[in-house]
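See below for the structure under consideration.
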Amino acid sequence: MKIIEKEQVREILQPKACIELMKEALMGLENGKYAQPPRLITIMPNTAKFGFMPAYVGEYFGAKVISAFAPNMGTKYPSHIGYVMLFESEHSTVAGMIEAGTITEIRTGAVSAAATDLLARKDAHSLALIGAGAQARSHLAAIREVREITSVTVYDLFPQAAEKFRADMEAKYQIPVTVCASVEEAVKDADIVCTVSPSKEPSLFASMVKPGTHINAVGTFTPVTREVSSDLVAVSRLYSDQTEAMKRESGEYLIPLQEGLIKEDHVIGSIGELLNGTVEGRTDDSQITLFDALGLVVEDVACAKYVYENSEK
Numbered sequence: 022m023k024i025i026e027k028e029q030v031r032e033i034l035q036p037k038a039c040i041e042l043m044k045e046a047l048m049g050l051e052n053g054k055y056a057q058p059p060r061l062i063t064i065m066p067n068t069a070k071f072g073f074m075p076a077y078v079g080e081y082f083g084a085k086v087i088s089a090f091a092p093n094m095g096t097k098y099p100s101h102i103g104y105v106m107l108f109e110s111e112h113s114t115v116a117g118m119i120e121a122g123t124i125t126e127i128r129t130g131a132v133s134a135a136a137t138d139l140l141a142r143k144d145a146h147s148l149a150l151i152g153a154g155a156q157a158r159s160h161l162a163a164i165r166e167v168r169e170i171t172s173v174t175v176y177d178l179f180p181q182a183a184e185k186f187r188a189d190m191e192a193k194y195q196i197p198v199t200v201c202a203s204v205e206e207a208v209k210d211a212d213i214v215c216t217v218s219p220s221k222e223p224s225l226f227a228s229m230v231k232p233g234t235h236i237n238a239v240g241t242f243t244p245v246t247r248e249v250s251s252d253l254v255a256v257s258r259l260y261s262d263q264t265e266a267m268k269r270e271s272g273e274y275l276i277p278l279q280e281g282l283i284k285e286d287h288v289i290g291s292i293g294e295l296l297n298g299t300v301e302g303r304t305d306d307s308q309i310t311l312f313d314a315l316g317l318v319v320e321d322v323a324c325a326k327y328v329y330e331n332s333e334k
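Under the numbering used here, the residue at position 19 of the sequence shown is numbered 40, and the numbers go up by one with no gaps.
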C-alpha cells in the first residue's frame, strides 16, 4: 500500500489535466460506467462534519473519509482533513491512501472550470470570487485554463485574506486583482462569478448580476445553507453536478422550491448530461447560467486513481 501526501498530490494533479479527468468522471457517472451511493455525513460533538463517501470508477473503487471543521478557517490548520482510501477492483486489495484535502481543493476548481467551459459566454474575461481562501485560488488556476481571464475581483469577509490573495495571485499570474468592499461591488461587471465561501445565508442576489453571467456556486452543501438567493436561482438556467444529489442536499435548489419560486423541473440537468449531449446548455448570451456544485466522491476517487497511477511513473 502506498501513502501519498499533499505535496505529491499537488505536484501530480495539475489543473489542466484535472479538468479533463473531471469531465470523464461526470460523464461516467451519468452513463453508468461509474457509480456512487449516497454519502454519509455526521455532525460530531465538536461541530466537525465527518464524512464517509464511497465510489466506484472502474479499475478502482474507494472512499473519501474526511472531516470539515469550519473553526480551522484562518488558522494554521486546514478546514478539510482526510484521505481517499483506494482499492483495486480485480482483487479488492488496498492500493493506497491519498491525502484528500488537496484533491478536494484542486478537483473542485476543475469541476467549476468544466462547467464554465460549457456554460459561460465564449467572450467571458472577467472573474469575480466571493471568498479568498484555498478554493478561490484553485478556481482561478482552473478557470484560466478554459477562458482568457484578464481581470479578477475578490471579496472576503476578512479583508486581510483578500489582500493576501491579491498579492499572491498578481505575482503568480500577472493578472490584475481588485479587492472589493462588498459582494455587489465585486460581481457587478463580472462575466463569471464563483461563490466559494462557507456562508449559511445568501450573499448573491439577482439585482447584483448582469445578464449573460455564469455563476459557480460552490461553498455550501447542505439543504439549509446557500450562497445564492432564491430570486437569482429563479431567473437562472440551473445545472447540477448530479441532479439526484441536488434534489436531496442542495439548499440552492430546495429552499426556493419550498418557497414556490421554482418547480422540480427547474434544474436543466447535470454537467455530465451536458457533456453527453442529453441536455442543452446556454442558448443565448443574455441568459444567466448557474452551476450548483455539491461535490461528488466519484470526482475524488477518480483523482486518487490518477494520482496513484502517475505516482508509479
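Backbone N, C-alpha and C fix where the C-beta goes; we use that ideal spot for every residue, glycine too.
{"query": "Does the segment 256 to 264 come within contact of the segment 161 to 168, defined as at least 3 CB pairs closer than 8 Å?", "result": "no"}
{"query": "Spatial neighbours of L178 within its chain, please: CB distance less than 8 Å, with the 5 preceding and 5 following residues excluded, ordered by chain position.", "result": "S218"}
{"query": "Just confirm the distance between the C-beta atoms of L148 and F312, as a whole number of angstroms; I'd bet it's less than 8 Å.", "result": "With a Cβ gap of about 14 Å, L148 and F312 do not count as contacting."}
{"query": "Use the C-beta contact count for N67: other C-beta atoms within 10 angstroms, 16 or more gives buried, fewer gives exposed.", "result": "exposed"}
{"query": "Am I right that D252 and K85 are in contact with their C-beta atoms under 8 Å? What's the rounded C-beta distance?", "result": "Not a contact, Cβ separation roughly 34 Å."}
{"query": "Starting from the Cα of Q57, find the closest Cα among L296, K231, E265, H287 and give me that residue.", "result": "E265"}
{"query": "When you compare the CB positions of A134 and I40, do they come within less than 8 Å of one another, or not?", "result": "yes"}
{"query": "Pick from G130, H101, P59, T137: whose alpha carbon is nearest that of I87?", "result": "H101"}
{"query": "Among the candidates E333, I151, Q195, whose CA atom is the shortest distance from the CA of T216?", "result": "I151"}
{"query": "Going by other Cβ atoms of all chains shown within 10 Å of its Cβ, with 16 needed for buried, is R168 buried or exposed?", "result": "buried"}
{"query": "Return the bridge partner residues of D306 from the DSSP annotation.", "result": "For D306, which the question treats as bridged, DSSP gives no partner whatsoever."}
{"query": "State the beta-bridge partners of G72 as determined by DSSP.", "result": "I62, I87"}
{"query": "How long is the line joining the alpha carbons of R187 and V200, rounded to whole angstroms?", "result": "7 Å"}
{"query": "Using CA atoms only, rank isn't needed, just tell me which of K27, K54, S307 is closest to I119.", "result": "K27"}
{"query": "Please name the residue in Y55, L42, D189 whose C-alpha comes closest to that of V132.", "result": "L42"}
{"query": "List the residues that DSSP assigns as beta-bridge partners of S172.", "result": "S147"}
{"query": "What first and last residue would you give for the alpha helix (DSSP H) that runs through S375?", "result": "As shown, the chain starts at 22 and ends at 334. That puts residue 375 outside it, with no answer to give."}
{"query": "From Y327 to V78, what distance separates their C-alpha atoms?", "result": "11 Å"}
{"query": "Just the Cα atoms here: how many angstroms apart are V198 and S224?", "result": "21 Å"}
{"query": "Quick one: measure Cβ to Cβ for V319 and Y55, integer angstroms, because I've assumed they're closer than 8 Å.", "result": "5 Å"}
{"query": "Between which two residues does the beta strand (DSSP E) containing C10 stretch?", "result": "In the structure as shown, the chain begins at 22 and stops at 334. Residue 10 is therefore absent and cannot be evaluated."}
{"query": "Is it the case that the Cβ atoms of E166 and K37 are separated by a distance below 8 Å?", "result": "yes"}
{"query": "With the cut-off set at 8 Å, would you say N237 and A136 are in Cβ contact?", "result": "yes"}
{"query": "Shorter than 8 Å from the beta carbon of P75 to some beta carbon of chain B?", "result": "The structure shown contains no chain B; it is built from a single protein chain."}
{"query": "To which residues of the same chain is T246 closer than 6 Å at the C-beta, ignoring the five residues directly before and after it?", "result": "K221, G272"}
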